[in-house]
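Using numbering that gives the first Met the number 0, the first residue of the sequence shown is number 0, and each one after it goes up by one. Built from N, CA and C at the ideal position, the CB exists for glycine as well.
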Amino acid sequence: MSQRILVVDDEAQIRELLGIYLKRQGYDVLCASTAEETLKLLAVNPVDLVVLDIGLAHEDGLKVPADIKKAHPNLRVVMLTGMGFVEDLLEEAHEKGADGYVSKVLPLDELLMAIQRLFRPFQPQLQSA
Numbered sequence: 000m001s002q003r004i005l006v007v008d009d010e011a012q013i014r015e016l017l018g019i020y021l022k023r024q025g026y027d028v029l030c031a032s033t034a035e036e037t038l039k040l041l042a043v044n045p046v047d048l049v050v051l052d053i054g055l056a057h058e059d060g061l062k063v064p065a066d067i068k069k070a071h072p073n074l075r076v077v078m079l080t081g082m083g084f085v086e087d088l089l090e091e092a093h094e095k096g097a098d099g100y101v102s103k104v105l106p107l108d109e110l111l112m113a114i115q116r117l118f119r120p121f122q123p124q125l126q127s128a
């Protein structure tokens, strides 16, 4: 069974592009365009990870990870931004529950690597005595 990813972006072309790309990488993909639609989908569909646009139209994309984590504390969230890497934004996204942060201007392989890192099982580092 493949891992399921929910892609959340208010731009239909971005949702479609990410959906096609992630399906080609072997993931099962659901899509949503608003925070409300996201929370409704998560209530009835088991999902392994959410890829969430930080700049949802008419919504605070930074509020959504906290809402997701409240209902699904172990669900991983990767934030997408078209603004590049702004340190304050990165910190706020992390504080609100984001597990990763990827710029939309980077190649899609960067998003794939962030997703793959989050799907890896936790492996504690061995320390030498």
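Proximity to residue 54 [Cα-Cα], best of 103, 98, 71: 103
The ligand SAM heavy atoms versus the CB of residue 55: any closer than 7 Å? Annotation note on the ligand SAM: not contained in the displayed structure, which lists no ligands.
Do you know offhand how far residue 70's Cα is from residue 22's? 26 Å
Proximity of residue 1 and residue 25 at Cβ, strictly below 8 Å: yes
Along the beta strand (DSSP E) that carries residue 76, what are the first and last residues, could you check? 75-80
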